[in-house]
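Scroll down for the structure; my scribbles are underneath it.
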Amino acid sequence: MLFGRKQKNPIKIADKGVVEWKYAACGYCSTGCSIEVGLNTDGKPVASRGVADADVNRGKLCLKGIFEHELFDSAGRGTEPKIREQWHQPWQSTSWDTALDKTHDEILRIQEKYGRDSFAIISTGQMLTEEFYTLGKLTRGLIGTNNYDGNTTLCMASAVSGYKRSFGSDGPPGCYEDFEHTDCLIAWGSNLPEQHPIIYWRMKEAQEKKNFTLIVVDPRVTMLAQNAHMHLPITPGTDVVLMNALMHVIIDEDLQDMAYIEANTNGFDELKAEVAKYDPVTAAKICGIDEDRIRHVARIFAKSESAMQIWTMGINQSTHGSDGVVGINNLALITGNIGKPGGTSLSITGQCNAMGTREWSSCSGLPNHRYLESAEDREEIAKFWNIDPEFFPKKRGMFQTDIYHAIESGQIKGLWLIATNPLTSLPNTARIRKAMEKLEFCVVQDCYEDTESAQYAHVYLPAGTWAEKEGVMTNTERRISVVKPLATPPGQAKPDLWVFNRMAERFNKNGNVTFPEKAPDIFLEMAEISKGRLADISGMDHDLIEKQRGIQWPYTEQQLKKGELPPQGGKRLYTEDATFRYPDGKAKLIPLPFIDNNEVPNEKFPIWLNTGRLIEHWHGRTKTGKIGDNNKYSPIPFIEINPDLAHELGIQRGEYVRLVSRRSDAVVMAQPTHRVAKNMVFLPFHFFDCANRLTLGLLDPHSRQPAYKQSAVRIERMEDQQEAARLSMEMRKF
Ligand code: SF4
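Quick note, the sequence shown lines up with residues 2 to 735 if you use this note's numbering.
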């Protein structure tokens, strides 16, 4: 029988000449999609596609993943080590030995002159886990500075801090499959369709089957809010007030799960006393959500058989970020919504391996969620690494955000930046620029040599990127996936692991500490010290992880031997047979008094500035500014501005305007839209010398994460639009 397809002009897909497909996990966001990269007859990566039998993405990829094969030979890749005496002088090409010797000698010189902690190291969430572990061993075990952190402080620190305070340990307890079981989902400050498109697809598929209630709390009418049953346009920075009010209603109407609370938590009476102060009438005046809506949401959430909450930067990037996470956990705990299918509090993490650095980098302590503050943990790791336990500091040092203040005040004199670009990503760019100028020595290790921060470096170390390297990454739902090399770094560039091992040789002259060369061997070393921990990975190795297309931790060797778990590993934490990580096995309910310390609009700066990411771009655009069509979709710094406000200010669609904050100014294009209220503008943060010229970035007291989303600005019309366009163009570096 003829079906007409042949007669009707059949679809043709461009033939890119792929002769072999190679497996990896995506190197952008924390969703953890499995990807295959197609190589042509010359071995050149020419195509990307999603892996159908991977549980996370089931064949799908988003815009960034689809173009990921173009990363390898994108513009600006570093191909040789470089050196110079002063940061403002021209670069000289040099050998690896000279660059590494110079770095080693400068670290020692600064430490000897100013003290061990006067040299700081800041890494990333973009490397592979074995690289994080090796860098942690080098930093904690040999170099010995306590001022060591990752750029994950800018995105996930509040989630980490909140989990630790509530449950006694970091570690998201839920998984994507929970969308398929839940009856109610509250998304706090999370715009899944743009930030985590494939998690959104998983959520949407589940919602179409189960039609659970979706409630979105966000000051802006995001894409997710447009899909919600209820959108709560909260006043920025007041989430904790809304959380307290929801708990007030739940307890007032006796909707809490008393059996769960008594069996699994401490602190209910103290929490009850605090939330009693947040009746919906009082709370509505602070958080901007009307009292009826507060009662309605509280009842729906508490009466649902299973209810889950997700959140992203809308909660984390606040002076109440850690409290916001604790508030989410409080809500989950008093309704018995932890550790059961569809009942969880799931932080949607940021970078592809933000979780890997949380688990293994030793930034906030020692490997696998061990604490520097614990003598037992120090002893255990010192013995394993063959070093003196007294070499370890007894509490963690500065966070990234405090390190820059310490450079400013002269406590820190040297800096090693690894795969991070603080000049674009930290708030208050002018302040960071001044701090960088003060460094006696700065080494930048990055796959790109043209990052803004490299302007201030004395040594540049060219690194490999993503699938030029071998190792694993952990995604939002604790799923470990493997990345295998499918290309080689350009020129003389080397994998980060190679750089750390060569640096370790220089600090490890007596050879007391071992540094395996190969990622699969390092993974086995990590698996050994994971035994009995919450993040137990002793049942895994690289081959099994690849075979299963990712395995969730915990997955122990005993479970593997007995065949107890499904092939994907442990779906949830804190289920009936697992206790929380405090010594008595119970979670803490923590009262959260609200103190309003945000920068708020006033007469001179009357508009809220909200910043965030767009689907086309990744963070500071070092990659997406150059790859595929990503930049073409969104090349211009712009603000979303309410049409009524634009009309009042005499601003037309497409005109350039000047945004002015207490820190500085930026020139951006106006795009009127009802997605933002009349007292707010939204500005994507990707562009260099743009959003973060304006942001204040007050720090959360627990997590030290900056409040990127709560600053105040005014908007000025610009008469000379040609000059305005020129100024704006300067921010579009690529
Ligand atoms: Fe990569 Fe995230 Fe897109 Fe998946 S959703 S393809 S992990 S950027």
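We put the beta carbon where it would ideally sit given N, CA and C, even for glycine.
Selection V57, D291, D255 evaluated against W202 yields V57 as nearest (Cα-Cα). The three-state secondary structure of K532, taken from DSSP, is coil. DSSP places S482 inside the beta strand (DSSP E), whose first and last residues are 480-484.
Using a 10 angstroms sphere on the CB of Q352, the tally of other CB atoms reaches 16 or more, which defines it as buried. Per the Cβ contact rule, the region 328-343 is not in contact with the region 362-382 (fewer than 3 Cβ pairs under 8 Å). G151 is bridged by DSSP to S124. In the three-state scheme derived from DSSP, where H, G and I count as helix and E and B as strand, W417 is classed as strand. Looking only at N511, F120, W467, N476, the smallest Cα-Cα distance to C448 is reached by W467. When secondary structure is reduced to three states using DSSP, F639 falls in the strand class. Rounded to whole angstroms, the gap between the alpha carbons of H249 and M399 is 36 Å. For F442, the three-state secondary structure derived from DSSP is strand. Inter-residue distance for E206 and Y457 is about 47 Å (C-alpha atoms, whole angstroms).
Under the DSSP assignment, S162 falls in the alpha helix (DSSP H) whose first and last residues are 158-168.
Taken in chain order, the whole beta strand (DSSP E) runs of length 3 or more contained in the region 361-444 are 415-419. In terms of Cα proximity to I640, the closest of T674, G172, M527 is T674. With a cut-off of 7 Å, the C-beta of N58 is classified as near the ligand SF4, since at least one heavy atom of the ligand falls inside that distance.
Runs of the alpha helix (DSSP H) spanning 4 or more residues and lying entirely within the region 200-275 occur at 224-227, 240-253, 259-265, in chain order. Note that the region 601-608 touches the region 711-726; at least 3 beta-carbon pairs, one per stretch, sit closer than 8 Å. The Cβ neighbour count for V298, taken over all protein chains shown within 10 Å, is at least 16; the residue is labelled buried. Per DSSP, I538 is not a residue of any beta strand (DSSP E), being assigned neither H nor E. The residue among T557, E529, L498, G512 with its C-alpha nearest the C-alpha of E518 is L498. Between F689 and G613 the beta-carbon gap is near 17 Å, outside 8 Å, which marks them as no contact.
Note on geometry: alpha-carbon atoms of K384 and L525 lie some 17 Å from one another.
Taking each of D721, M719, C691 in turn and checking the Cα distance to Y709, the smallest one comes out for C691. The shortest C-alpha to C-alpha distance from Q560 to any of R432, G540, K532, D293 is the one to G540. Under the three-state reduction of DSSP output, T320 falls in the coil class, being neither helix nor strand. Rounded to the nearest angstrom, the gap between the Cα atoms of D43 and I14 is 21 Å. Distance between S124 and C364, taken at the CA atoms: about 9 Å.
Closest option to F68, judged by alpha-carbon separation, among G28, D98, P82, D54: G28. For the ligand SF4, a non-hydrogen atom lies closer than 7 Å to the CB of T32.
Of the other Cβ atoms in all chains shown, fewer than 16 fall within 10 Å of the Cβ of S94; this residue is therefore exposed. The Cβ neighbour count for H321, taken over all protein chains shown within 10 Å, is at least 16; the residue is labelled buried.
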